[in-house]
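**Student:** Structure in structure tokens, see below.
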Amino acid sequence: MTFVGLIARNIISRPLRAVLTASAVAIGVMAVVALGVLTTSLKETATQILDVGNADFTIAQKNSSDIINGTIDAEDIAAIGTIPGVERAVGALISTDAYDESNPLVIEVGLAPADQGPFGVNILDGESYGPDATDQVMLGYVLAKQIGKKVGDTVTVDGHDYQVTGLYRTNISFGNSTMMFPLSYLQGANRLSGQVTLGFVQVAKGADIKKIRATIDGDYQQLTTIETAEDFGRADRNLTLIGAANTGGSLLAGLIAVTGVLNTSLLSFFERIREFGIYRSIGWSRSRVIALVLGEAIVVSIVGAAVGVFLGWGAINVLENLKQLKGIFTPTYDAAIFGRSLGFGLVVAFLGALYPALRAAFVAPITAVRRE
Amino acid sequence: MSSTTPPTDSPGIVVRNVSKRYGRTVALDHVDLEVARGEFAVLAGPSGSGKSTLLNLLAALEKPDTGTIEVGGHLLGRHARHLNHLRRVEVGLVFQLHNLIPRLTALENIEAAMFGTHHGRKARVARAHELLDRLDLSHRANERPPTMSGGERQRVAVARALANEPEVILADEPTGSLDDESADLVLDLFDELRAGGATILAVSHDARLDRRGDRIVSITDLNCAVQ
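These protein sequence lines map, in sequence, to chains A and B.
If you're matching positions, the first sequence starts at 1 in the numbering used here and goes up one per residue.
If you're matching positions, the second sequence starts at 1001 in the numbering used here and goes up one per residue.
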């Protein structure tokens, strides 16, 4: 029998305790995996907007809690297009609407037909809507498939009928789940005449992006330029809130898991006081007793973490199919999330079993030997 | 054969002026005792006279209130590492109530006493088998204590105490639940160890043990608390 064999023997001989401890860890890890994947995926979806039309940077309203809800004067975007070094500046209006019960949140993009090419819109079937049309729409091919529509069909949004003139693909995945209207029409429908939500800027070859950004940030105090995900996080407080919710949720899950491990380990300690006393009375050091208790907790927690990752994957599948998240949540499985989950399991095991392990190590041999 | 005269040769156990009390109860009062190296002493006395308490102090399971104790030439101090080494290697303690780990087999109970020594896994297993064989328990090596008789458990407890070839063996009623044949196996082993230089102090009410010991020490002669 090796020391590791003794650890395994102790775990197997108390299956209920092992299952309870593993369950506490599994629930915690499931929450960490699900929250981690959800947060990472939502952040990725949100920051994908930076890649629209291969723009070098994006322009948004400064100090907005959610840049998708910000407004920018379309004339400002046109003026930015004339700054030396700027190749092109495209303004787009973004809003959301409900389509049906299965698609309660559909992203609508208002874009002038002339800006579709620079915006990265590739028409797969049919043709663009007219620049001033009021009853025409284009559908991203993923959305079209979801709602079962093709070119020539009619879609009804908010009580208004639109004829589908074309299906398109964009260079970002969530763009394929959007619907697109003429900019002027969507501005009118949202009572945002002359306004856009975001501007997408492409600079001329060899131009200094930093200098152009500094010019815009200096000349347009109400606007902010976004080039990286970090810039996006600063401009859009929703991402910060999502990150904070993830951290808070993970900490809470950790606390629950630690409490679970502590509870079962402490119960196990009280059942095994005499056993620990015997180990001490035959010369086991305190560190060996601690290693035994922590070793048992760590092995059980690793098993729990593995089960938790599997449960987390299941939870993500459930979330992915929630109609409220359709189109905006595409799971991104980052290896770091699974690494963090394993680390989480080990930390939970250590924190939950440390106190019982110390109590076991400090059992007086004589007290335990007399305990019958 | 009852005597309190200390042997003249090098002592394996030296107890000087040791007292121990539990609350208001005085268990040991200014006890002095010497047991020579290679001597087999039997500690006798009525129940509650402090025999087990003295054994526990000698095994460093608890500390005396006053006085000093030397075991195998080592003065028992308060340093934890030293005490662990003493319990693991220097002293073999046979508990009156066996104190085996019920989840582990007889073989594993003996092996567990050898964790932390220089013995590798194979050496631990070989030593455990050797002891079980000597005590006629080879056929019970893979049984767990709850499925064994009291006598078998007692012999496993003796085997565990001898696992690390201790210089000093402290045994609390080591033949108490053994039939004559099994008691002879244990006592023959004690004789062999004594011949090899081991010091043995056994608490007993068993005449078979008294006959094998070099001398019988009466606790009532040592302990002022019961005089």
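From the three backbone atoms N, C-alpha and C, an ideal C-beta is built for every residue, glycine too.
Check distances from the C-beta atoms of the region 270-301 of chain A to those of chain B and list, in chain order, the residues that come in under 9 Å.
**Tutor:** R274, E275, G277, I278, Y279, R280, S281, I282, G283, W284, S285, R286 and R288
**Student:** Three-state secondary structure (DSSP) at I172 of chain A?
**Tutor:** The residue you call residue 172 of chain A lines up with position 172 of the first sequence. Coil.
**Student:** For H1082 of chain B, decide whether its Cβ has a neighbour in chain A, counting only Cβ atoms nearer than 9 Å.
**Tutor:** Position 82 of the second sequence holds residue 1082 of chain B. Output row for H1082 of chain B: interface = no.
**Student:** Tell me whether A34 of chain A is buried or exposed, calling it buried when 16 or more other Cβ atoms sit within 10 Å of its Cβ.
**Tutor:** Residue numbering aside, residue 34 of chain A sits at position 34 when the first sequence is read from its first letter. Buried.
**Student:** Among the residues of its own chain, which have a CB less than 6 Å from the CB of I1093 of chain B, if the five just before and after it don't count?
**Tutor:** By 1-based counting over the second sequence, the position of residue 1093 of chain B is 93. According to the sequence displayed, residue 1093 of chain B carries Leu and not Ile. Cβ neighbours of L1093 of chain B beyond the five flanking positions: A1059, A1161 and L1170.
**Student:** Mapping DSSP to helix, strand and coil, what is I83 of chain A?
**Tutor:** On the first sequence, position 83 is the one that residue 83 of chain A refers to. Coil.
**Student:** What residues from the region 4-36 of chain A come within 8 Å of chain B, judged by C-beta to C-beta, listed N to C?
**Tutor:** L6, R9, N10 and S13
**Student:** Output, in chain order, the set of chain A residues within a Cβ distance shorter than 7 Å of N1056 of chain B.
**Tutor:** Here residue 1056 of chain B corresponds to residue number 56 of the second sequence, with the count starting at 1. By Cβ distance, chain A contributes I366.
**Student:** Measure the C-alpha to C-alpha separation of V196 of chain A and G36 of chain A and round it to an integer number of angstroms.
**Tutor:** The residue given as residue 196 of chain A occupies position 196 in the first sequence. The residue given as residue 36 of chain A occupies position 36 in the first sequence. Going from the Cα of V196 of chain A to the Cα of G36 of chain A covers about 32 Å.
**Student:** Cβ closer than 8 Å: which chain A residues qualify as neighbours of V1089 of chain B?
**Tutor:** By one-based count along the second sequence, residue 1089 of chain B stands at place 89. G283, listed in chain order.
**Student:** Could you name each continuous beta strand (DSSP E) segment of 3 residues or more that falls completely within the region 23-108 of chain A, going from the start of the chain to the end?
**Tutor:** 57-61 and 86-97
**Student:** When DSSP labels each residue in this structure, what does D125 of chain A get in the three-state scheme?
**Tutor:** By 1-based counting over the first sequence, the position of residue 125 of chain A is 125. D125 of chain A falls in the strand class under three-state DSSP.
**Student:** Taking only three categories from DSSP, how would you classify H1139 of chain B?
**Tutor:** The residue given as residue 1139 of chain B occupies position 139 in the second sequence. Reduced to three states, the DSSP call for H1139 of chain B is helix.
**Student:** Is there a C-beta anywhere in chain A that falls below 9 Å from the one on V1125 of chain B?
**Tutor:** Working through the second sequence from its first residue, we reach residue 1125 of chain B at position 125. Closer than 9 Å: yes.
**Student:** Quick one: which unbroken beta strand (DSSP E) runs of 3-plus residues sit fully inside the region 221-293 of chain A? Chain order, please.
**Tutor:** 223-226
**Student:** When DSSP builds the beta bridges, which residues end up paired with V160 of chain A?
**Tutor:** Residue mapping note: residue 160 of chain A aligns to position 160 of the first sequence, counting from 1. Looking at the sequence provided, one finds His at residue 160 of chain A rather than Val. Looking at the DSSP assignment, H160 of chain A forms a beta bridge with A:V157.
**Student:** Starting from Y185 of chain A, trace the alpha helix (DSSP H) in both directions and tell me its first and last residue.
**Tutor:** As a first step, residue 185 of chain A must be located in the first sequence, where it is residue number 185. Boundaries of the alpha helix (DSSP H) around Y185 of chain A: L183 to A189.
**Student:** Counting only beta-carbon separations shorter than 9 Å, does I1101 of chain B have a partner in chain A?
**Tutor:** Counting from 1 along the second sequence, the entry for residue 1101 of chain B is found at position 101. Yes, I1101 of chain B lies at the interface with chain A (some Cβ there is under 9 Å from its Cβ).
**Student:** Identify which residue in A:K43, A:L325, A:S65 and A:E75 has its Cα closest to the Cα of S193 of chain A.
**Tutor:** Start at 1 with the first residue of the first sequence, and residue 193 of chain A comes out as number 193. Of A:K43, A:L325, A:S65 and A:E75, the residue nearest in Cα terms is A:E75.
**Student:** Would T2 of chain A count as contacting chain B if we go by Cβ distances under 9 Å?
**Tutor:** Mapped onto the first sequence, residue 2 of chain A falls at position 2. Cβ-Cβ to chain B under 9 Å: yes for T2 of chain A.
**Student:** Using CA coordinates, which residue listed in A:T225, A:G312, A:L143 and A:K43 is at the minimum distance from F329 of chain A?
**Tutor:** Taking the first sequence and counting its residues from 1, the one referred to as residue 329 of chain A is at position 329. When each option's Cα is compared against that of F329 of chain A, the closest is A:K43.
**Student:** Any beta carbon from chain A within less than 9 Å of A1141 of chain B's own beta carbon?
**Tutor:** For the purposes of this step, residue 1141 of chain B is taken as residue 141 along the second sequence, with counting starting at 1. It does not; no Cβ of chain A falls within 9 Å.
**Student:** For the alpha helix (DSSP H) holding S1052 of chain B, just list the boundary residues, first then last.
**Tutor:** The sequence position of residue 1052 of chain B within the second sequence is 52, counting from 1. Taken as a continuous stretch (DSSP letters only), the alpha helix (DSSP H) holding S1052 of chain B covers K1051 to L1058.
**Student:** Using a Cβ-Cβ distance cut-off of 9 Å, determine whether E1116 of chain B contacts chain A.
**Tutor:** Within the second sequence, numbered from 1, the residue matching residue 1116 of chain B stands at position 116. In the sequence as presented, Glu is not what sits at residue 1116 of chain B; that position holds Gly. At least one CB atom of chain A sits nearer than 9 Å to the CB of G1116 of chain B.
**Student:** Using beta carbons (cut-off 9 Å, strictly below), is A1113 of chain B in contact with chain A?
**Tutor:** Reading the second sequence from its first residue, position 113 is the one you call residue 1113 of chain B. A1113 of chain B counts as touching chain A.
**Student:** Since L979 of chain B and L1054 of chain B should fall inside the 8 Å C-beta cutoff, what is the C-beta to C-beta distance between them, to a whole number of angstroms?
**Tutor:** With chain B running from 1001 to 1227 in the structure shown, residue 979 of chain B is simply not present.
**Student:** Among B:R1037, B:F1040, B:V1035 and B:V1026, which residue has its Cα nearest to the Cα of G1048 of chain B?
**Tutor:** On the second sequence, position 48 is the one that residue 1048 of chain B refers to. Of B:R1037, B:F1040, B:V1035 and B:V1026, the residue nearest in Cα terms is B:V1026.
**Student:** To the nearest angstrom, how far is the alpha carbon of E1192 of chain B from that of L1100 of chain B?
**Tutor:** Counting from one through the second sequence, the residue named residue 1192 of chain B turns up at place 192. Counting from one through the second sequence, the residue named residue 1100 of chain B turns up at place 100. Roughly 24 Å separates the two Cα atoms.
**Student:** My guess is that L111 of chain A and L223 of chain A are in contact by the Cβ rule of under 8 Å, so how many angstroms apart are they, rounded?
**Tutor:** Within the first sequence, residue 111 of chain A is the residue found at index 111, counting from 1. Within the first sequence, residue 223 of chain A is the residue found at index 223, counting from 1. That belief does not hold up - the Cβ atoms of L111 of chain A and L223 of chain A are roughly 19 Å apart, past 8 Å.
**Student:** For a contact meaning CB atoms closer than 7 Å, what does L944 of chain B contact in chain A?
**Tutor:** Examination of residue 944 of chain B is not possible in this model, given that chain B is present from 1001 through 1227 alone.
**Student:** Listing by chain order, which chain D residues have their CB less than 7 Å from the CB of R1121 of chain B?
**Tutor:** Reference to chain D is not applicable here, since the protein chains of this structure are A and B.
**Student:** Does DSSP put T215 of chain A in a helix, a strand or coil?
**Tutor:** On the first sequence, position 215 is the one that residue 215 of chain A refers to. Helix.
**Student:** Candidates A:V201, A:F119 and A:T215: which alpha carbon is nearest G175 of chain A's?
**Tutor:** By one-based count along the first sequence, residue 175 of chain A stands at place 175. Considering only alpha carbons, the answer is A:F119.
**Student:** In three-state terms, what does DSSP make of E1130 of chain B?
**Tutor:** Position 130 of the second sequence holds residue 1130 of chain B. In this structure, E1130 of chain B counts as helix in the three-state DSSP scheme.
**Student:** Rounding to the nearest angstrom, what Cα-Cα distance links K150 of chain A and V201 of chain A in this structure?
**Tutor:** As a first step, residue 150 of chain A is located in the first sequence; it is residue number 150 there, counting from the start. As a first step, residue 201 of chain A is located in the first sequence; it is residue number 201 there, counting from the start. Looking at the two C-alpha atoms, the distance is approximately 32 Å.
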